[in-house]
Amino acid sequence: MAGIEMKVLAEWKYEKSIPFRGYTGKTLYVNVENQECIEKEVTEEMKERFTGGRGFGLKLLWDAVKDNTKWDDPENEIIISGGPLCGVTQYPGLGKFYAVFISPLSGQTYDSNAGGHFGPLLKFAGWDALEIQGKSSSDVVIFIDGDNGKVQFLESDLKDLNSYTITESLHDYFSETEDDKRSVSVVSTGQAAEHTYWGCLNSSFYDLKRKTPRLKQAGRGGGGTILRNKKIVALVVRNRDWSNIKQGIKDFGILQEVGLKLHKEIHDLDAKQARMRTVGTAHLNEIMNDYHLLPTHNFKFGQHKDIANIHSNVYEGLFTQGVPDGCWYGCSMACSKGVDNFEIKTGPCKGQIVTVDGPEYETSSSLGPNIGIMNPAWTIEANFYADHYGFDTIGLGTGLAFVCECFEKGFINQEITNGLDLNFGNMDNIMKLIHRMAEGKDTFANEVSKGIRQMKKVFEEKYGAPAENLRDIGMEGQGIEVSEYVCKESIAQWGGFFLTLKGPQHDEAWLIFMDRVNKQLPTFEDKAEALHYFPLFRTWFSLIGGCKLPWNDVEPADNMTKYPPQEAAKVPEHVQNYVDIFNAVTGRSITKEDLLLMSEKVYNFQHLFQIRLGKGTRDFHNIPYRAMGPVYADEWEARSEYYDNELREAGIEPERLPVEEKISKLRVIREQQWITLVDAVYNKRGWDRNGIPTLEKLREIDMELPELVKIVKEKAKPEDSFTN
Amino acid sequence: MKWLKTYPERCIGCEQCMETCSELWFREKSKLLSRIRISANEVGFSLNACNQCGKCIEICPVGALARDANGIVQLDKDKCVGCMMCVAFCPTSSIFFSSTKGVEPFKCIACGACTKGCPTEALEIVEEYN
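Top to bottom, those sequences are chains W and B.
The first sequence maps to residues 3 to 726 in our numbering.
The second sequence maps to residues 172 to 301 in our numbering.
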């Protein structure tokens with residue numbers, strides 16, 4: 003791009019390794035402090051135990067950090083890894099990378115995934131993983147040049163440190179022709195990441211039809227915050243010449259056949275099922291509302307009277323139709339919707355005509371009903387700025403929802419907010435707060451942008467807000483903001499959010515439909531089984547570089563009739579597809595049971611990693627009461643029939659009781675149910691009552707690594723054993 | 172637009188067209204490598220070849236499919252990443268692939284070679300312009 007000059011500070015050359023059977027066999031270590039690069043071998047043992055992707059990230063991070071490493075210590079890393087199926091174009095959804103790091107929000111490991119072309123191109127450039135350590139003294143761009151086998155550290159000359167600007171500039175800078183632009187991918191964040199803990203990583207892909215780079219987010223956990231803390235403006239990879247057929251895939255024919263089968267299912271069924279090709283995940287808006295699951299006013303309510311404003315049909319009209327919206331080639335699910343020719347109304351980009359990625363469901367609800375705003379144009383603008391500034395839209399929306407409720411309850415006021423009226427639905431003032439958070443100059447905005455866990459502390463200690471109320475309505479677990487589903491009426495989803503490895507998100511377990519809508523998990527045993535199987539199955543995608551959506555956002559036409567309900571929820575034929583394509587790529591012979599075992603190794607490794615970092619045990623699996631039941635009277639009244647019935651089922655007649663008493667009686671029941679659920683889930687996972695994996699479990703999954711056994715022996719107490 | 176028009180009522184199922192096609196484009200006789208497919212049905216035979224409708228152009232994520240000056244939808248092998256989306260989304264299922272012949276699918280490009288050997292004149296290259 004004209005005007006950009008980037009001086010090469012250091013350069014390192016390497017011999018490119020072409021992927022074979024899913025792996026290049028090499029990982030790249032980059033230290034931005036001393037501008038050093040090291041090539042590391044991927045051993046057979048590493049593949050066997052950690053598979054790839056998030057597994058490789060966790061293994062490399064484990065070796066890089068100390069027991070007391072904090073997120074902003076130089077030894078904390080960002081590791082980006084796709085996995086053995088990443089980059090395959092014959093089956094939908096195989097372009098994901100996983101970023102692993104110690105999170106500023108939770109102080110423990112986090113893994114966050116993104117589409118876009120960075121994961122595949124990184125692999126084609128020769129690397130199964132990119133490991134970044136150290137802190138630079140000045141702004142740098144790291145350029146991995148797969149065409150010429152070199153890594154360059156470039157002095158950044160970019161003045162506007164926001165993601166769309168960075169990405170567009172660097173796609174231009176590293177391309178000689180228009181067609182070249184698709185061979186480049188950029189990971190960046192925005193200026194907000196200098197101040198917020200919600201900093202996201204934006205991963206680009208060049209949209210050939212729109213002729214502009216698009217951004218997909220590894221939004222959660224604060225990866226962007228770490229990127230900026232390391233003074234990295236962007237990671238860039240370029241790799242022009244590649245073809246899957248030259249990449250040592252064992253059985254290309256099977257890959258093509260299985261991929262074609264799924265493409266045809268999507269072609270035939272998507273319009274009747276999830277409508278991913280036309281509205282993406284925003285198809286959930288009205289469904290969530292129908293079942294009282296749509297987060298409204300900080301998860302207080304599950305429905306909004308103005309749902310028609312954000313109905314998926316409205317978004318269908320806003321999204322550009324008829325373009326191949328896959329975030330990696332070969333994804334016929336094409337859910338990466340975009341709004342084109344959108345005029346920005348506020349802030350530094352006011353008046354600009356832009357393409358906005360999304361909104362996806364999580365954003366249309368977090369920056370929508372959860373903050374009382376039922377105006378898609380506002381949500382689209384907030385989505386644009388969140389991406390541009392580098393905010394995770396889920397952390398941001400759920401955080402803002404907490405702020406709005408605190409304002410509504412009078413825990414904070416306009417004096418504290420520096421003049422902003424932050425009642426639910428105040429579009430102008432909430433947008434102003436977003437801009438202030440990005441600028442980083444306003445004290446209150448800076449307090450907000452550190453996340454709910456920090457806000458609870460500041461609001462209590464500095465502003466005198468009642469701690470108990472803050473704890474009840476602050477929708478975070480392990481320091482991570484809850485993603486956008488009201489789970490008060492789904493006990494299984496309490497676990498799906500709050501018994502997760504890394505804090506509440508919808509990556510690990512999303513059981514709300516099975517439990518609440520389809521009622522497939524009636525007993526605690528059923529719930530525990532689902533909270534064992536699904537997190538493991540879903541973990542597998544993070545190991546191989548896959549997206550979960552093509553697994554169950556389309557189902558074979560006879561899936562629900564061919565299998566009993568709990569089995570149908572697994573979509574057995576698609577599970578078999580994954581077994582088949584994994585074997586076709588790698589030449590291995592895994593079964594669907596092996597698939598779970600691969601996950602269980604990494605799952606327990608990550609859990610013990612959290613324990614190593616002083617977290618991960620039962621005390622750290624906190625759940626705010628708002629996630630389990632109604633905190634306030636109006637919340638009860640909105641679903642009084644349901645809650646009264648819950649009391650009746652527990653043998654309590656609600657008729658003559660005042661609402662406050664009903665709330666407290668239900669709370670006793672709910673909190674006991676939580677204890678029962680935690681025990682059932684831990685036991686099913688092979689952990690003790692304190693959440694420490696047993697030595698038997700490590701043996702069973704062949705993960706008796708000395709460093710893991712040491713932690714178990716140090717932490718496990720006989721009285722916590724389920725066998726005592 | 173130039174395209175291969177078929178007259179299934181005239182087809183006798185000799186499959187000469189399939190042989191001609193695979194020999195021309197892949198240098199071997201194989202029904203699986205033909206860009207036109209003949210199959211028996213209840214009343215005779217059905218003939219399946221691309222009608223150049225162009226639906227695949229909007230499906231392709233890399234812009235590998237485009238019309239040439241004659242309106243024929245051509246596949247640019249250098250751009251194709253072999254994702255198979257065009258194969259699945261073709262309204263007439265007229266795009267084919269063979270894992271033995273590389274990553275790219277193949278389709279009728281209205282070259283007309285098959286029409287010459289057809290004994291019953293069941294195939295014809297036509298040009299229609301609006």
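Ideal placement from N, C-alpha and C gives every residue a C-beta, glycine not left out.
All values derive from a computational prediction rather than experimental measurement.
Which residues, in order along the segment 268-297 of chain B, keep a beta-carbon less than 8 Å from a beta-carbon of chain W? F268, S270, T271, G273 and V274
Please go through the same chain and pick out, in chain order, the residues whose beta-carbon is closer than 6 Å to the beta-carbon of B/I228, but skip the five residues on each side of it. Here residue 228 of chain B corresponds to residue number 57 of the second sequence, with the count starting at 1. For B/I228, where only same-chain residues beyond five positions count, the Cβ hits under 6 Å are L236.
Would you mind sorting W/P656 into buried or exposed? The rule is 16 or more other CB atoms within 10 Å of its CB. Residue mapping note: residue 656 of chain W aligns to position 654 of the first sequence, counting from 1. Buried.
Count the other C-beta atoms from every protein chain shown that fall within 10 angstroms of the C-beta of W/T593, then say buried if there are 16 or more, exposed otherwise. Here residue 593 of chain W refers to the residue found at position 591 when the first sequence is read from its first residue. In this structure W/T593 is exposed. Its beta-carbon is surrounded by fewer than 16 other beta-carbon atoms within 10 angstroms.
Can you tell me the Cα-Cα spacing of W/S666 and W/D509, whole angstroms? Along the first sequence, read from residue 1 onward, the residue named residue 666 of chain W stands at position 664. Along the first sequence, read from residue 1 onward, the residue named residue 509 of chain W stands at position 507. Their backbone Cα atoms lie some 32 Å apart in a straight line.
Taking a contact to mean a Cβ-Cβ separation below 8 Å, would you say W/P558 touches W/E569 in this structure? The residue given as residue 558 of chain W occupies position 556 in the first sequence. The residue given as residue 569 of chain W occupies position 567 in the first sequence. Result no, Cβ atoms of W/P558 and W/E569 do not sit closer than 8 Å.
Within chain B, partners of W/T619 - CB distance below 8 Å: Stepping through the first sequence from its first residue, residue 619 of chain W is reached at position 617. Within 8 Å Cβ-Cβ: nothing; W/T619 doesn't reach chain B, min ~45 Å.
Going by beta carbon distance, what residues of the same chain come within less than 6 Å of W/A403, once the five residues before and after it are set aside? Position 401 of the first sequence, counted from the start, is the residue given in the question as residue 403 of chain W. Correct list, in chain order: N300, N372 and I373.
DSSP three-state assignment for W/W380, whether helix, strand or coil: Here the question's residue 380 of chain W lines up with position 378 in the first sequence. W/W380 falls in the helix class under three-state DSSP.
Please report the straight-line C-alpha distance between W/D596 and W/Y605, rounded to a whole angstrom. For the purposes of this step, residue 596 of chain W is taken as the residue at position 594 of the first sequence. For the purposes of this step, residue 605 of chain W is taken as the residue at position 603 of the first sequence. Using only the alpha carbons, I get a separation of about 14 Å.
So which residues on chain W does B/A237 lean against when the C-beta distance must stay under 8 Å? Here residue 237 of chain B refers to the residue found at position 66 when the second sequence is read from its first residue. Within chain W, no residue comes near B/A237; the closest Cβ sits about 12 Å away, beyond 8 Å.
Can you tell me the Cβ-Cβ gap for W/I694 and W/D722, rounded? I've got them flagged as a contact below 8 Å. Looking up residue 694 of chain W in the first sequence gives position 692. Looking up residue 722 of chain W in the first sequence gives position 720. For W/I694 against W/D722, the beta-carbon gap comes to about 7 Å, under 8 Å, which counts as contact.
Is W/H313 near W/E288, with beta carbons less than 8 Å apart? Translated into positions along the first sequence, residue 313 of chain W becomes position 311. Translated into positions along the first sequence, residue 288 of chain W becomes position 286. Result yes, Cβ atoms of W/H313 and W/E288 sit closer than 8 Å.
Can you tell me whether DSSP reads W/G201 as helix, strand or coil? One-based indexing of the first sequence puts residue 201 of chain W at position 199. W/G201 falls in the strand class under three-state DSSP.
Does DSSP put W/M3 in a helix, in a strand, or in coil? Mapped onto the first sequence, residue 3 of chain W falls at position 1. Its pLDDT being 46, under 50, W/M3 is placed unreliably in this model, and the coordinates cannot settle the point.
With distances taken from CA atoms, which of W/G631, W/G128 and W/S334 is nearest W/Y93? Within the first sequence, numbered from 1, the residue matching residue 93 of chain W stands at position 91. For the set W/G631, W/G128 and W/S334, the Cα lying nearest the Cα of W/Y93 is the one of W/S334.
Can you give me the Cβ contacts of W/M3 inside the same chain, cut-off strictly under 7 Å, excluding the 5 residues immediately before and after it? Looking up residue 3 of chain W in the first sequence gives position 1. Residue placement at W/M3 cannot be trusted, given a pLDDT of 46 that sits under 50; the coordinates are not used to answer.
With burial defined as no fewer than 16 other Cβ atoms inside 10 Å of the residue's Cβ, what is the status of W/A194: buried or exposed? Within the first sequence, the letter at position 192 stands for residue 194 of chain W. Result: buried.
Other residues of its chain near W/S138: CB distance less than 7 Å, five sequence neighbours each side excluded: By one-based count along the first sequence, residue 138 of chain W stands at place 136. So the qualifying residues of the chain are V34, E35, K232, K233 and I234.
Span of the alpha helix (DSSP H) around W/I228: For the purposes of this step, residue 228 of chain W is taken as the residue at position 226 of the first sequence. Residues G225 to N231.
In the DSSP assignment, the alpha helix (DSSP H) including W/L597 goes from what residue to what residue? Within the first sequence, numbered from 1, the residue matching residue 597 of chain W stands at position 595. Note, W/L597: alpha helix (DSSP H), K594 to R614.
Do W/S492 and W/Q507 count as a contact pair if the criterion is CB distance below 8 Å? Here residue 507 of chain W is taken as the residue at index 505 of the first sequence, counted from 1. Here residue 492 of chain W is taken as the residue at index 490 of the first sequence, counted from 1. No, these two residues do not count as a Cβ contact at 8 Å.
Determine the direct distance from the alpha carbon of W/Q219 to that of W/E602, and round the result to whole angstroms. For the purposes of this step, residue 602 of chain W is taken as the residue at position 600 of the first sequence. For the purposes of this step, residue 219 of chain W is taken as the residue at position 217 of the first sequence. Their Cα atoms are separated by approximately 26 Å.
Interface partners of W/I20 on chain B, CB under 7 Å: Here residue 20 of chain W corresponds to residue number 18 of the first sequence, with the count starting at 1. Going along chain B, no residue has its Cβ under 7 Å from W/I20, so there is no contact; the nearest lies around 15 Å.
Which residues does DSSP pair with B/N212 in a beta bridge? Along the second sequence, read from residue 1 onward, the residue named residue 212 of chain B stands at position 41. Answer is B/G215.
Integer-rounded CB distance, given that W/G148 should sit under 8 Å from W/G121: Start at 1 with the first residue of the first sequence, and residue 121 of chain W comes out as number 119. Start at 1 with the first residue of the first sequence, and residue 148 of chain W comes out as number 146. Contact doesn't hold; Cβ gap of about 13 Å is too wide.
With three or more beta-carbon pairs closer than 8 Å as the criterion, would you say the segment 140-160 of chain W touches the segment 198-214 of chain W? no
If the cut is a Cβ gap below 8 Å, which residues of chain D does W/N246 touch? Structure shown: chain D not included; protein chains present are W and B.
Quick check: is the beta carbon of W/M3 nearer than 8 Å to any beta carbon in chain B? In the first sequence, the residue the question calls residue 3 of chain W occupies position 1. Reliability fails at W/M3, whose pLDDT of 46 lies under 50, so the model's placement of it is uncertain and no value is given.
Are W/G442 and W/E196 closer than 8 Å when you measure CB to CB? Counted from its first residue, the first sequence places residue 442 of chain W at position 440. Counted from its first residue, the first sequence places residue 196 of chain W at position 194. Taking 8 Å as the Cβ cut-off, W/G442 and W/E196 qualify as a contacting pair.
So does the segment 416-425 of chain W actually touch the segment 179-193 of chain W, counting three or more Cβ pairs closer than 8 Å? no
Compare the beta carbon distance of W/K490 and W/P632 with 8 Å and say whether it is the shorter of the two. In the first sequence, counting from the first residue as 1, residue 490 of chain W sits at position 488. In the first sequence, counting from the first residue as 1, residue 632 of chain W sits at position 630. Closer than 8 Å, so yes.
Report, in whole angstroms, the separation of the C-beta atoms of W/S185 and W/R240, which I expect to be a contact under 8 Å. The residue you call residue 185 of chain W lines up with position 183 of the first sequence. The residue you call residue 240 of chain W lines up with position 238 of the first sequence. Sure, about 6 Å apart at Cβ, within 8 Å.
Contact set between the segment 330-364 of chain W and chain B, restricted to residues whose Cβ is under 7 Å from the partner: Y331, G332 and S334
Under 7 Å from the C-beta of W/K266: neighbouring residues of chain B: As a first step, residue 266 of chain W is located in the first sequence; it is residue number 264 there, counting from the start. Per Cβ cutoff of 7 Å: A259.
Please go through the same chain and pick out, in chain order, the residues whose beta-carbon is closer than 7 Å to the beta-carbon of B/E199, but skip the five residues on each side of it. Here the question's residue 199 of chain B lines up with position 28 in the second sequence. Here the set comprises S193.
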